[in-house]
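Residue numbers (mature numbering (1 follows the signal peptide of the UniProt record, and there is no 0)): -34 to -1, 1 to 271.
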């Protein structure tokens, strides 16, 4: 049996080799403007020593939205900046982008520890929340337009942030992730093979309770969620797609029966819950034959937000 370190190394190698769709499949020119990615230090509480990278377009909306973009294992904030279209879209729409960057050796976000799975419990979510607060203190950010997205480890962190801070994030888009708390461990390990293999199966109520327990007593609105997954994902297996749907429909008090189904392009099946149009509460896109190296459709994520 592979050790945790070996599994993380293999995951990182696989993502690096595939580019996690931020290589060939998603490589785009840098934003054609004077704006540039800058590192921000001393941004607030940061228990896990994350680094913060900020992109502010040349023309910022009067009340800009704020997007947190989380990277994959072995990745970084600058890699997500240069390898996805979120900054270029910020130039078009005038929102601000934060790119957190992990400094631990695995370069994976902590989505496993008890600290990470509890509001203000510590670890990476607290540092990311500090980044959001830092930007809000300096720009007139629209509090109703704070979103998060990510791929692989970053998609897992997207789930975690929506669970820990439903009063901060209004929506998320998770590309090849797992449900909130699916990767939970209690022995200090970052890796949960059972979850990665799609073997952690729960009822919608059980999944929803895990989210609700992250912020006991919270009764406000819950975030909308967009979920993307390839049917041939060999790293975070496909059953995690359905489990995420179960979780976020339950959290939002919705039926697990789609209100709308279509095929936006060949091989893609899109289901919507809590609505039939683009403002549906939960939107899920199943990508037939696609592996963990799935394309990150930034434009569709922004459209959902």
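Quick reminder that beta carbons are idealized off the backbone N, C-alpha and C, glycines included.
- Nearest C-alpha to residue 250 among 131, 259 and 230: 230.
- The C-beta separation of residue 89 from residue 19 comes to about 19 Å, leaving the pair out of contact by the 8 Å criterion.
- Boundaries around residue 194 are those of the beta strand (DSSP E), 190 to 196, since no alpha helix (DSSP H) includes it.
- With contacts defined as CB atoms closer than 8 Å, residue 200 and residue 257 qualify as a contacting pair.
- Taking 8 Å as the upper bound for CB-CB distance, residue 235 and residue 223 are not in contact here, some 15 Å apart.
- Shortest Cα-Cα distance from residue 267 to any of 124, 168, 159 and 180 involves 124.
- The three-state secondary structure of residue 8, taken from DSSP, is coil.
- Beta-bridge annotation (DSSP): residue 238 is paired with 226 and 249.
- For the pair of segments examined, the stretch 185 to 201 was found to touch the stretch 127 to 143: the number of CB pairs separated by less than 8 Å reaches three.
- Taking C-beta atoms under 8 Å as the contact rule, residue 173 and residue 206 fail to qualify, at a distance of about 11 Å.
- Around the beta carbon of residue 110, fewer than 16 other beta carbons sit within 10 angstroms, so the residue counts as exposed.
- Contact holds between the stretch 175 to 182 and the stretch 76 to 92, because three or more Cβ pairs, one in each stretch, are under 8 Å apart.
- Inclusion of residue 244 and residue 270 in the CB contact set at 8 Å is warranted, their separation being smaller than that value.
- Contact annotation: residue 93 and residue 37 have beta-carbon atoms that are not nearer than 8 Å.
- Distances from the CA of residue 167 to each of 144, 30 and 155 were compared; the closest alpha carbon is that of 144.
- Here the C-alpha atom of residue 165 lies approximately 10 Å from the C-alpha atom of residue 204.
- In the three-state reduction of the DSSP assignment, residue 163 falls in the coil class, being assigned neither a helical nor a strand state.
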